[in-house]
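Student: Its first residue numbered 7, the sequence shown is counted upward by one per residue in our numbering.
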Amino acid sequence: MKKVLLFSVVISGLLMMFASYVGADEKTSAKVAADPFVQPKLNYAYNALEPYIDAKTMEIHYSKHHAGYTAKLNAAVKGTKYSKMPIEKVLKKMKMKNAALRNNAGGYYNHNLFWEIMGPKKGGKPKDKLAKAIDKSFGSFEKFKAEFSKAAATQFGSGWAWLNVDKNKKLSICSTPNQDNPLMPGTKCKGKPIMVLDVWEHAYYLKYQNKRGDYIDSFFRVINWDKVSDNFCGK
Ligand code: MN
């Protein structure tokens, strides 16, 4: 009789351990399911783009603005079909009248791309296939730079300037207001974004105030052309 009792105590103990293990596992996967979009880590320090983009702007921009868009995107997709899609698909499938998704899916994706196409000790000019495509699409690097800078300078109010590639590897430049994005339905842009510049005042006002043109010139000193080239080649 004692043996049976001991046996059942051991078994119930094992069952409880198993139940708590399964429970912990369920909690972990529930947490992952609740937050499908994660803010990617910056590949460089906040001060790494000095003197062109200052550390304080980078810190506030990444840890407050971009983190905020990420949190609001996760809240906006919670319990919807969008929570199971990659961000590119969310942007392609969303309705423009869905303001929460439009602002925050855009804000999430746009900043992800913006951070990754900049870096310390970068700038200069693109090489190889991308350099050839720029010459073919715009005439020369200088003409491309002038056209991109104009798109960034003339975007009224808050927005973004984009370099996109279409299925035939042709490049185009466009700009969008607010957090709109070339992948969304109903923007005038065509193709897949490979490079972007944030021209919201929060991206430059601490250092440049009203001088958006100086900020655009500085951006060209930190562009990571190797990364833009990877985006162009579809790597
Ligand atoms: Mn921004």
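Cβ atoms here follow ideal geometry from the backbone N, Cα and C, with glycine treated the same way.
Would the beta-carbon of TRP168 be found less than 6 angstroms away from any heavy atom of the ligand MN?
Tutor: If you number the sequence shown from 1, residue 168 lands on position 162. No; taking the cut-off as 6 angstroms, the Cβ of TRP168 has no heavy atom of the ligand MN nearer than that.
Student: Mapping DSSP to helix, strand and coil, what is LYS156?
Tutor: Within the sequence shown, numbered from 1, the residue matching residue 156 stands at position 150. Note: LYS156 maps to helix in three-state DSSP.
Student: Could you tell me which of PHE147, LYS128 and GLN161 sits nearest to LYS233, measuring between CA atoms?
Tutor: Here the question's residue 233 lines up with position 227 in the sequence shown. Selected option, being the one with the closest Cα: LYS128.
Student: Do you know whose CA, among SER178, LYS84 and ALA105, lies nearest GLY145's CA?
Tutor: Position 139 of the sequence shown, counting from 1, holds the residue named residue 145. Considering only alpha carbons, the answer is SER178.
Student: Please confirm if the segment 119 to 138 is in contact with the segment 89 to 103, defined as three or more CB-CB distances below 8 angstroms between the two stretches.
Tutor: No, because fewer than three Cβ pairs between the segment 119 to 138 and the segment 89 to 103 fall closer than 8 angstroms, the two stretches do not touch.
Student: Which full runs of the beta strand (DSSP E) of 3+ residues lie inside the segment 153 to 235, going along the chain?
Tutor: Within the segment 153 to 235, the complete beta strand (DSSP E) runs of at least 3 residues are 165 to 171, 177 to 183 and 198 to 204.
Student: Considering just the uninterrupted stretch of the alpha helix (DSSP H) at GLU65, what are its terminal residues?
Tutor: Taking the sequence shown and counting its residues from 1, one reaches residue 65 at position 59. GLU65 -> alpha helix (DSSP H) spans 61 to 66.
Student: Who are the Cβ neighbours of ALA73 in its own chain at under 8 angstroms, not counting the five residues just before and after it?
Tutor: Locating residue 73 in the sequence shown gives position 67, counting from the first residue. For ALA73, where only same-chain residues beyond five positions count, the Cβ hits under 8 angstroms are GLN45.
Student: With a CB to CB cut of under 7 angstroms and the five nearest residues on each side skipped, what residues in its chain are close to PHE154?
Tutor: On the sequence shown, residue 154 is found 148 positions in, with the first residue counted as 1. Excluding positions up to five away in sequence, the list reads ALA167, LEU169 and ILE179.
Student: Any contact between the segment 67 to 83 and the segment 102 to 118? By contact I mean 3 or more CB pairs, one from each, below 8 angstroms.
Tutor: Contact holds: three or more Cβ-Cβ distances are below 8 angstroms.
Student: Whole angstroms is fine: what's the gap from PRO199's alpha carbon to THR182's?
Tutor: As a working note, residue 199 is residue 193 in the sequence shown. As a working note, residue 182 is residue 176 in the sequence shown. Approximately 12 angstroms, taken between the alpha carbons.
Student: Going straight from the alpha carbon of PRO188 to that of GLN215, what length do you get?
Tutor: By one-based count along the sequence shown, residue 188 stands at place 182. By one-based count along the sequence shown, residue 215 stands at place 209. Distance between the alpha carbons of PRO188 and GLN215 is about 27 angstroms.
Student: By a C-beta neighbour count over all protein chains shown, 10 Å radius and 16 as the cutoff for buried, is PRO132 buried or exposed?
Tutor: In the sequence shown, residue 132 corresponds to position 126, counting from 1. Buried, since its Cβ has 16 or more Cβ neighbours within 10 Å.
Student: Would you check whether the ligand MN has a heavy atom nearer than 6 angstroms to the C-beta of ASP60?
Tutor: By one-based count along the sequence shown, residue 60 stands at place 54. Result no, Cβ not under 6 angstroms from the ligand MN.
Student: So which residues put a beta carbon under 6 angstroms from any heavy atom of the ligand MN, going in chain order?
Tutor: Checking every Cβ against the heavy atoms of the ligand MN under 6 angstroms gives HIS67, HIS71, HIS117, ASP204, TRP206, HIS208 and ALA209.
Student: In angstroms with no decimal places, state the Cα-to-Cα distance between VAL3 and LEU212.
Tutor: In the structure displayed, the chain extends from 7 to 241; residue 3 sits before or after that span and is not available.
Student: Do the CB positions of ALA105 and ALA82 come within less than 7 angstroms of each other?
Tutor: In the sequence shown, residue 105 corresponds to position 99, counting from 1. In the sequence shown, residue 82 corresponds to position 76, counting from 1. Cβ distance not < 7 angstroms, so ALA105 and ALA82 don't count as in contact.
Student: Between the alpha carbons of GLU94 and PHE43, how many angstroms are there, rounded?
Tutor: Sequence index remark: in the sequence shown, residue 94 carries index 88 (1-based). Sequence index remark: in the sequence shown, residue 43 carries index 37 (1-based). Each residue's alpha carbon lies about 12 angstroms from the other.
Student: Could you compute how far the alpha carbon of ILE66 sits from the alpha carbon of THR160?
Tutor: As a working mapping, residue 66 is identified with position 60 in the sequence shown. As a working mapping, residue 160 is identified with position 154 in the sequence shown. Taking the straight line from one Cα to the other gives about 25 angstroms.
Student: Thinking C-alpha only, which one of GLN185, ALA51, LEU55 and ASN237 is nearest TYR221?
Tutor: Residue numbering aside, residue 221 sits at position 215 when the sequence shown is read from its first letter. Of GLN185, ALA51, LEU55 and ASN237, the residue nearest in Cα terms is LEU55.
Student: Would the beta-carbon of VAL234 be found less than 6 angstroms away from any heavy atom of the ligand NAD?
Tutor: Ligands displayed in this structure: the ligand MN; the ligand NAD is not among them.
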